[in-house]
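Residues 410 to 611 in this note's numbering are what the sequence shown lists, from first letter to last.
All C-beta atoms, glycine included, are put in the ideal place defined by N, C-alpha and C.
Only one structure is covered here, and it is reproduced in the block below.
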Amino acid sequence: MAFADEPVASNREKHPANKLAGETSPYLLMHAHNPVQWYPWGEEALTKARRENKVIFLSIGYSSCHWCHVMERESFLDEEIAALLNEHFVCIKVDREERPDVDSLYMTAVQLINQRGGWPLSVFLTPDAKPFFGATYFPARDNDRPGVTGFLTIVRRIHELWGESPEKLREDADRVAAALKTELEGRRPQALKPLDRTFLNR
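Here is the structure:
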């Protein structure tokens with residue numbers, strides 16, 4: 410079955426290296442030749458998002474995560490999806506085994522939003538790194554998996570909403586941040602309305 414991996418390897422190799430090429434994490438290095446222009450978590454990416462007023466797409470996973478590799482193959486090697494992400498978002502890839510602090514923070518946020526979490530963790534943040542929407546694995550396109558909205562649709566809709574009503578997304582982010590602060594301080598937060606159920610219908 411070695412042949413099954415060859416198209417993915419070939420697709421990785423044909424793209425110039427992105428910002429992950431200088432990292433030491435094997436998981437990050439696996440994504441160093443994705444068409445998505447990934448950044449590692451750090452000041453360069455966060456400053457770029459603030460300076461350009463762009464939404465951050467944060468993807469967190471680890472080397473042995475099956476669905477992380479599936480989402481890479483289906484979405485992060487997809488030229489159409491990559492072009493949309495590269496033009497309108499700052500994309501950050503995190504290895505949860507290397508940065509458990511970042512993983513724990515945003516996993517808690519997604520659990521508050523969706524009442525569940527897992528990996529790959531897929532989170533959209535305001536330019537100041539506050540989460541407003543997140544989930545786990547997305548298929549690439551609508552109906553790739555019955556009843557699940559595709560990642561391409563999600564990305565397009567978030568781009569549209571950020572252009573039309575960024576203040577609404579910032580309000581969502583502030584609400585998540587307040588609940589997250591309460592959770593981290595050990596108090597029971599008020600239940601958040603499941604943003605993932607209403608997000609695409611605004």
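Using alpha carbons as the reference points, say which of G595, F541, R565 lies closest to D551. Among G595, F541, R565, the Cα nearest to that of D551 belongs to R565.
Please go through the same chain and pick out, in chain order, the residues whose beta-carbon is closer than 6 Å to the beta-carbon of K423, but skip the five residues on each side of it. Around K423: no qualifying Cβ.
For the segment 515 to 579, which segments carrying the beta strand (DSSP E) assignment without a break, of at least 3 residues, lie completely within its bounds, in sequence order? If one requires a minimum length of 3 residues, the beta strand (DSSP E) runs lying completely within the segment 515 to 579 are 530 to 534, 540 to 544, in chain order.
Where does the unbroken beta strand (DSSP E) through V499 begin, and where does it stop? Counting along the chain, the beta strand (DSSP E) containing V499 begins and ends at 498 to 504.
What first and last residue would you give for the alpha helix (DSSP H) that runs through L437? It spans 435 to 439 - the alpha helix (DSSP H) in which L437 sits, taken as one unbroken run.
If you count every other CB in all the chains shown that lies within 10 Å of the CB of R505, and 16 or more means buried, which is it? So R505 ends up on the buried side.
By DSSP's criteria, W447 is part of a beta bridge. Which residues make up the other side? Partner(s): C500.
L467 lies in the beta strand (DSSP E); which residues open and close that run? Unbroken beta strand (DSSP E) run through L467: 464 to 470.
From L467, R482, E481, pick the residue whose C-alpha is nearest to that of A518; which is it? If we check each option's Cα against that of A518, L467 comes out closest.
Okay, do the segment 444 to 453 and the segment 513 to 527 touch, 3+ Cβ pairs below 8 Å being the bar? Note that the segment 444 to 453 does not touch the segment 513 to 527; fewer than 3 beta-carbon pairs, one per stretch, sit closer than 8 Å.
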